[in-house]
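In what follows, a single structure is set out as structure tokens and then discussed.
Residue numbers (this note's numbering): 9 to 158.
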């Protein structure tokens, strides 16, 4: 799991829309460079391609794209619930179920938000931080390590 690269600020402006990046908090120039660097880290460690899933927020989609690890597929279960905490439990349970159905044969990368990473791992990641997780045969997820990229 990766928290999106550096996008200065906190939260999104009131009235932001997923279909309009100009209404959202977006990656800075430093964040774009960080996203490209994350992809380089994967390749340097023998992962040139992966199944890449992203939140629908522009900063996550751009992070995923700039990593150049493969086609990015949008996954609404990776979307932020920062502004609507009532969605957290239901969304995280659905996300766990969905992850449990994925084929673990290929490396899989999720680009998402701090709240989602924290809900699954109990880790508060920095921007662009990689939290390596493993899925056990019974579907449980466990943290294997973390790698700050800033």
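All C-beta atoms, glycine included, are put in the ideal place defined by N, C-alpha and C. In this text the structure is predicted, and so the values were computed from the model without any measurement.
- If you draw a straight line from the Cα of residue 18 to the Cα of residue 34, it is about 11 Å long.
- In this structure residue 61 touches residue 86 by the C-beta definition: roughly 6 Å separates them, less than 8 Å.
- By the 16-neighbour rule on beta-carbons within 10 angstroms, residue 137 is buried.
- Burial check for residue 133: the Cβ neighbour count within 10 Å reaches 16 or more, so the residue is buried.
- Residue state for residue 39 is assigned as helix, using DSSP reduced to three classes.
- Here DSSP, grouped into helix, strand and coil, assigns residue 153 to strand.
- Bounds of the alpha helix (DSSP H) holding residue 107 are 96-108.
- In this chain, the alpha helix (DSSP H) harbouring residue 126 covers 122-129.
- The alpha carbon of residue 43 has as its nearest neighbour, out of 67, 13 and 63, the alpha carbon of 13.
- The continuous beta strand (DSSP E) containing residue 80 extends over residues 80-82.
- Where residue 143 is concerned, the enclosing beta strand (DSSP E) starts and stops at 138-143.
- Minimum Cα-Cα distance from residue 27 among the listed residues 66, 154, 80 and 108 corresponds to 66.
- Taking the Cα positions, residue 104 is about 33 Å away from residue 37.
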